[in-house]
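Remarks on the structure that follows.
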Amino acid sequence: MVVSARDPVLDATRALVERIAGPGRIPVDAGLETRLGDGYWLDSIELLEVLVACESEFGIVFDEARDLDAGSLETLGTLTALIRSKQPTVREGR
Amino acid sequence: MVPVQIPDVLAGGRWWPRDEIDATARGWRVTIREALDDAPRPVAAAIPSSPGGVALFVAATSIPVPVMLLPPDARAWRRDPPIPPGTTVVLPPSLVRLAPAAQRLGLSPCLLADRPRGASAPPFTLLQSPGMVLFTSGTTGLPRPVYRGMAALLDNSAARLSALGLAAGDGLVVGASLAHGNGLNRLLASMLLGGTLGLLGPVDHRLALATLARPEFTFWSATAHFADVLGRCTLTGPAVVPRVCLLSSPVSRAVFDAFLERYGVPLRQNYSSSETSCIAVDGAPAPEVRPGTIGRPLPGLDLRIGDHPDAPLPPGTTGRIWVRSPWLMEGYGFPPDLECPRLTAGWWPTRDLGALDAEGRLSLAGRIDDCIRTREGRIVNLFAVANDLRAFGGVRAVEIVPLQGPAGSSFGAVLECDPLTTLAALRRKLSDTLPPWSWPRKMALVAALPRLPNGKADRQACRAALDEGGWS
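Those protein sequence lines, which keep their order, are chains R and Z. In the numbering used here, each residue's number is its place in the first sequence (first place is 1) plus 7. In the numbering used here, each residue's number is its place in the second sequence (first place is 1) plus 27.
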């Protein structure tokens, strides 16, 4: 996975996930490898909230039946990588 | 028996023609019959929300034995009362991983193959099962098996379709689990309509938008939260949904209005229970659909409000909902051992509170027991969740607090724990014990549960503890 530890996309994604999870569900050692399911304890409803918020926050649109598989929604890092892949200008600029 | 047909199925953007579903079901039927050894005992089937789940439903219900529907998550299988030991539990290829869990519960797994033998077996008659076992949230705090006759299930489903103005060939989209009461009713509805059945995944709103816009679909059985999301997410094409969008849990006025403004289609309400199937549905012309009401009782069913059905309350007054229905369950339990429904003067006492308006439209006002209907449309028994939490090491006391959002209900838990107990450890135990929809969405650990002078938990203070997060 190619996601920088100091990445504005990661920071924004993390803030968004943690806002939806709420303060009681943020692991003390949260990071790229933190799982969205049994790390932030997001259920399917909250995961859907995260995706809709990501589209709004980053000005992207996920592709139906292709982007949103279990692998891309596994951890904070895989979600961040998915978002970066949907942002051509950001990817080309790095 | 009304005519039925296997639907074509659309899932994950791919079509499964009814012939393909039929061929798979024929092969699986052979395997299931061999496992049952032609004994007339009930069979359990774990039903995923997929074309394979539809094929398994078709295969299992074509055998003349009662069928027990189990969700594809063994944590949600009922342990109290237990499924009778030795029951054959049929697992499709995608769920063979559940075989060890089935064996631990004393069940006998029957594993289905990806490429079933006997796919060239002769055609069979659909829906030969005399009835289905569902699981209710329970009236005494514990979940209960409910046995429903197949003919009553089908007749009720046909009455609801008629009330909604749906006809043969109409397509139906389902976003809920197929292994619960609502999912079962939608499966039967799709077989009655004989058109197409669309299955939505839980998190892909883009695929949902593409599916709902297809001309094959006339009817969306929606969850409150998905309807909320589709009313506010970014659109990349025309705003098109089926002309009938039906919810099984209430939404706020804001969610109703946003959806109506965007799609020009109202979110209709439906009211049903495991014991009765559909009780009321809003089949009014679109301009007359209102967010606060469920619509009128189905034709053929009587409904009263009050402490006793012989003394109904006047319109506008809230009380217990009583139902007299030709489609009532056969009884609680696993057939043939059934406990007959306890009726009062021929009326079934639901666990719901409601009121009728002067025009006979029903609105709901909560439940009498400890259950809530979540944003996903699932009934969760808060009493049972609290019991599970109390059984965790380090937990001394638990208070469950219902939470309300624009798209429906969820709940939080305040736990009085010893100082070494961590939220992360409790969440891990929860995930081992309960399915995700039964997890509290907020948890707070406290040294002492806030209590009122009479010793009862102080709900208001508990709610504040949840807002503050407690220990973490």
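Built from N, CA and C at the ideal position, the CB exists for glycine as well.
Item, Value
"Supposed contact pair L188/Z and L220/Z - C-beta distance, whole angstroms, cut 8 Å", "7 Å"
"Test: S51/R CB closer than 8 Å to a CB of chain Z", "yes"
"Under 7 Å from the C-beta of L62/R: neighbouring residues of chain Z", "Here the sequence assigns Glu to residue 62/R, which means Leu is not the residue at that position. Neighbours of E62/R on chain Z, chain order: C260, T261."
"C-beta contact flag for G202/Z and A249/Z at 8 Å", "yes"
"Secondary structure of I348/Z, DSSP reduced to three states", "strand"
"Within-8 Å CB hit, V68/R to chain Z", "yes"
"Chain Z within 8 Å of E71/R, Cβ atoms only", "yes"
"Endpoints, the beta strand (DSSP E) within which S390/Z is located", "389-394"
"The region 77-96 of chain Z / the region 44-59 of chain Z touching (three or more Cβ pairs under 8 Å)", "yes"
"Listed by chain order, chain R residues near G208/Z by CB distance under 9 Å", "Chain R residues near G208/Z: none, gap ~19 Å exceeds 9 Å."
"For V308/Z and L328/Z, believed in contact at Cβ under 8 Å, the rounded distance", "About 11 Å separates the two Cβ atoms, so there is no contact after all."
"Neighbourhood of V24/R by C-beta distance below 8 Å, restricted to the same chain and skipping five residues each side", "L43, Y47, L49, V57, L83, L86"
"Segment contact, 8 Å Cβ cut-off, at least three pairs: the region 286-298 of chain Z with the region 260-273 of chain Z", "yes"
"Sequence-distant residues of its chain with Cβ nearer than 7 Å to T167/Z (five each side left out)", "Model confidence at T167/Z stands at a pLDDT of 46, short of 50, so the residue's coordinates are unreliable; what they give is reported in the following sentence. Same-chain partners within the cutoff: there are none."
"V350/Z versus V412/Z, C305/Z, V316/Z, A311/Z, residue with shortest Cα-Cα distance", "C305/Z"
"Beta-bridge pairing of W42/Z - partner residues as DSSP gives them", "L37/Z"
"Coarse secondary structure for W375/Z, derived from DSSP in three states", "strand"
"Beta strand (DSSP E) segments (min. 3 residues) lying fully within the region 292-327 of chain Z", "294-300, 304-308"
"Backbone CA spacing between P463/Z and S436/Z [nearest angstrom]", "15 Å"
"Where D494/Z falls: helix, strand or coil (DSSP)", "helix"
"Cutoff 8 Å: Q487/Z Cβ touching any chain R Cβ", "no"
"Reference P99/Z; option with closest CA among S204/Z, D197/Z, V92/Z, T114/Z", "S204/Z"
"Sub-8 Å separation of F162/Z and R105/Z beta-carbons", "yes"
"Sub-8 Å separation of L138/Z and T88/Z beta-carbons", "no"
"Test: L442/Z CB closer than 8 Å to a CB of chain R", "no"
"heavy atom of the ligand ZN below 7 Å from A216/Z C-beta", "With respect to the ligand ZN, the structure offers nothing, as it holds no ligand at all."
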